[in-house]
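Numbering of the sequence shown is given in our numbering, commencing with residue 993 and proceeding in unit increments. Using N, Cα and C, we set each Cβ at its ideal position, and we do this for glycine too.
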Amino acid sequence: MTSGAQRLTELGDAYFETRHRYDPFNATLLGLSEYDGLVGDPSAEASATAADAFAAIRAELAELDTAGFTEAQLVDAEVLEALLRNAEDDARDSIWARAASSAGYASRQGTLFQAIAAVSVDDDLSAERYLQRLGGLGDYFRGLAARYRHELAAGFTPTRLAVTKALGQLRTELGDPSHAVLLRPAAAATDPSVRQRAERFLEDSVRPGIAALIEAFENDLLPVARNDDHVGIREVPGGDEMYARALRNHTTTDLTPEQIHQLGLDVLAQLEARWADVGQAAFGVTDRKHIVERLRTDPDLRFQTTDEIVEVATAALKRAEEALPRYFPADWSVGPCDTVELTAEESANSAMAYYRPPADDGSRNGAQCLATADPTSRHRWEYESLTFHESVPGHHLQLATSQQLDIPRYRRHLDVEVCGFNEGWGLYSEEFADELGLYSSDVARFGMLSFMALRACRLVVDTGIHYYGWSRQQAVDFMFENTATTLDHVEHEVDRYVSWPGQACAYMVGKTEIQRMRRRAEEALGDAFDLPSFHGAIIGNGAVPLSVADAATRRWQETRTAA
993 MTSGAQRLTE
1003 LGDAYFETRH
1013 RYDPFNATLL
1023 GLSEYDGLVG
1033 DPSAEASATA
1043 ADAFAAIRAE
1053 LAELDTAGFT
1063 EAQLVDAEVL
1073 EALLRNAEDD
1083 ARDSIWARAA
1093 SSAGYASRQG
1103 TLFQAIAAVS
1113 VDDDLSAERY
1123 LQRLGGLGDY
1133 FRGLAARYRH
1143 ELAAGFTPTR
1153 LAVTKALGQL
1163 RTELGDPSHA
1173 VLLRPAAAAT
1183 DPSVRQRAER
1193 FLEDSVRPGI
1203 AALIEAFEND
1213 LLPVARNDDH
1223 VGIREVPGGD
1233 EMYARALRNH
1243 TTTDLTPEQI
1253 HQLGLDVLAQ
1263 LEARWADVGQ
1273 AAFGVTDRKH
1283 IVERLRTDPD
1293 LRFQTTDEIV
1303 EVATAALKRA
1313 EEALPRYFPA
1323 DWSVGPCDTV
1333 ELTAEESANS
1343 AMAYYRPPAD
1353 DGSRNGAQCL
1363 ATADPTSRHR
1373 WEYESLTFHE
1383 SVPGHHLQLA
1393 TSQQLDIPRY
1403 RRHLDVEVCG
1413 FNEGWGLYSE
1423 EFADELGLYS
1433 SDVARFGMLS
1443 FMALRACRLV
1453 VDTGIHYYGW
1463 SRQQAVDFMF
1473 ENTATTLDHV
1483 EHEVDRYVSW
1493 PGQACAYMVG
1503 KTEIQRMRRR
1513 AEEALGDAFD
1523 LPSFHGAIIG
1533 NGAVPLSVAD
1543 AATRRWQETR
1553 TAA
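See the structure below:
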């Protein structure tokens, strides 16, 4: 007879396999190379099948007898239940199919281009997987066209800005074949036949498939797309309910849209004094509008070359790594983190930076991926904070460490599935780096403040768009007024929130919760509080829902109190 613990392991494995076969591009970005040959099925039927599978696994999980479970197994079960609920919601709602954006995780074609660029073909197996995937992309693009038409017929009208962005990305890929993102892995292959086969796939199947998707966007979706006054998900059938689920799944809390909106306003008010303090130290002024104007317009505060951007990020990473013993358990190891420059094409459809986890098989390091194109448009004061968020002590420290933990595999590779924790830790790390004195100057600290303000604005703007019915221009105006970010970047950010409801709220909600856990422990333990040990407790369970992290830090605190 199968024990409850053994069945829990089997259910976790079933979730892992179902999740990554349903979305193999995301699996590639997580470093799960065994899925690198797959493209998945973008049809509505495939989404329904996946949702039903997640629901069935979750129902069986609920019936398990957990009486004999260890504490670790109880955590496994709690995390798995949350993952299954979120995965079912994601598959049933399929917001990616109802907001046809080019923005990374928010769309299948956006994730596709990121995933292709992330693979290397340095041996026969990886080359075959790459070619297998490339061979399936023609049908996949045609399947996307059919899926978007299916959703349109059901009343799910996309936004004009999302369709326009998707068209721009696809037309770029359909342009000069020698610059195609989809051919980039083949260009680095040592075997010339890989490039030759890839070019044939591209010409015979993939490019016609992209053309078919472009035709669907141009002829079917764009003529009826929603204008910029109606960009929220509340505009589509069942949108309010989908948004509530998206907020819950991304933040891993039960906060309401009203509570999240108010939290953003509260944080912005609290930041005013900090703007004045840093402004006095850096520029000799305390007026935030004066500070912001200089940050936006002073040419001396912009980069001149891409090499300068990489140098700033690399130096910041080195300082954070050297400080590790001050805030991280001494017996834990952190693998190397590379710095990767995004191409101009990737930068156009990407955030300023993102983290790419190490491959599960060790074939690639973790990496902070930086947008460096057009360096004279990029600010010197932003990239240290970005580095601390994406690398160390941020995502690399937390996610690369998670892969080394003695926890089930389905828990070692979690990213967007537990956004509240992952992005909360990243944002916490930006401010924590200031505690450690890692910023090279007071001017560099403006990056921390501006990004904190931006994440607070996200709470206001995301709920404003999707719950309160704000127009795109209302959202842009609010963010431009309350951050030091340029207008172009603000518009890019707002378009991302339009296409990915709820995700942008994870950062500040998660950071606020992590800081609350730390304050609770500091107040309870006093001089007995040990920061490296606390950080070990909070990330020692891997990426988890915030409620699980809260329980883990409570147990750690009680243990320290008893000692």
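What separation, rounded to the nearest whole angstrom, lies between the Cα atoms of residue i and residue j?
i	j	result
alanine 1541	glutamate 1063	14 Å
arginine 1546	arginine 1511	12 Å
phenylalanine 1017	tyrosine 1122	12 Å
asparagine 1414	glutamate 1191	38 Å
valine 1453	glutamine 1466	9 Å
arginine 1356	aspartate 1115	13 Å
cysteine 1329	valine 1277	37 Å
alanine 1154	serine 1094	7 Å
valine 1304	glycine 1386	17 Å
leucine 1144	threonine 1306	46 Å
proline 1537	glycine 1412	7 Å
histidine 1381	alanine 1312	11 Å
serine 1491	glycine 1032	21 Å
threonine 1341	threonine 1335	The question names threonine, but residue 1341 is asparagine in the sequence shown. Asparagine 1341 and threonine 1335: Cα-Cα distance of roughly 10 Å.
threonine 1298	serine 1339	13 Å
isoleucine 1506	arginine 1077	23 Å
glutamine 1161	alanine 1089	16 Å
arginine 999	glutamate 1070	14 Å
glycine 1354	alanine 1516	41 Å
aspartate 1015	threonine 1368	37 Å
Can you look up residue i in the DSSP assignment and give me helix, strand or coil?
i	result
alanine 1181	coil
glutamate 1055	coil
phenylalanine 1146	The residue you asked about is not phenylalanine; residue 1146 is alanine in the sequence shown. Coil at alanine 1146, not helix or strand.
glycine 1502	helix
aspartate 1115	coil
threonine 1477	coil
glutamine 1296	coil
leucine 1316	helix
valine 1277	coil
threonine 1335	coil
threonine 1151	strand
alanine 1359	strand
tyrosine 1132	helix
histidine 1222	coil
histidine 1371	strand
tyrosine 1459	coil
Using 8 Å for Cβ pairs, my map puts residue i next to residue j. What's the rounded Cβ distance?
i	j	result
isoleucine 1252	leucine 1451	5 Å
leucine 1479	tryptophan 1373	Actually they are not in contact, since the Cβ atoms of leucine 1479 and tryptophan 1373 sit about 17 Å apart, beyond 8 Å.
alanine 1110	aspartate 1183	About 20 Å separates the two Cβ atoms, so there is no contact after all.
tyrosine 1347	glycine 1358	7 Å
proline 1560	serine 1112	Residue 1560 is absent from the model: the chain starts at 993 and stops at 1555.
tyrosine 1027	alanine 1019	4 Å
methionine 1500	leucine 1126	That belief does not hold up - the Cβ atoms of methionine 1500 and leucine 1126 are roughly 39 Å apart, past 8 Å.
Excluding the 5 residues preceding and the 5 following residue i in the sequence, name in chain order all residues of the same chain whose CB lies nearer than 7 Å to its CB.
i	result
asparagine 1474	Leu1260, Ala1445 and Cys1449
valine 1468	Val1482, Glu1483 and Val1486
leucine 1104	Phe1017
isoleucine 1283	Trp1267, Gly1271, Phe1275 and Val1277
phenylalanine 1521	Ala1513 and Glu1514
Can you find a C-beta in chain B that's less than 8 Å from the C-beta of residue i?
i	result
tryptophan 1417	No chain B is part of this structure, which consists of one protein chain only.
Once the 5 residues before and after residue i are set aside, which same chain residues still bring their CB inside 6 Å of it?
i	result
proline 1034	Arg1100, Gly1135, Leu1136 and Arg1139
alanine 1543	none
leucine 1406	Ala1535
Apart from the five residues just before and just after residue i, which ones in its own chain have a Cβ nearer than 8 Å to its Cβ?
i	result
alanine 1392	Val1326, Gly1327, Cys1329, Pro1349, Pro1350 and Gly1358
The region 1031-1044 touching the region 1082-1090, judged by at least three CB pairs closer than 8 Å: yes
contact_flag[the region 1428-1445, the region 1234-1241] where n(CB pairs < 8 Å) is 3 or more: no
Inter-stretch contact (C-beta, 8 Å, three-pair minimum) for the region 1001-1009 and the region 1045-1060: yes
Given 8 Å, three or more beta-carbon pairs between the region 1200-1207 and the region 1136-1148: yes
The region 1218-1230 in contact with the region 1512-1526 per 3-pair CB rule at 8 Å: no
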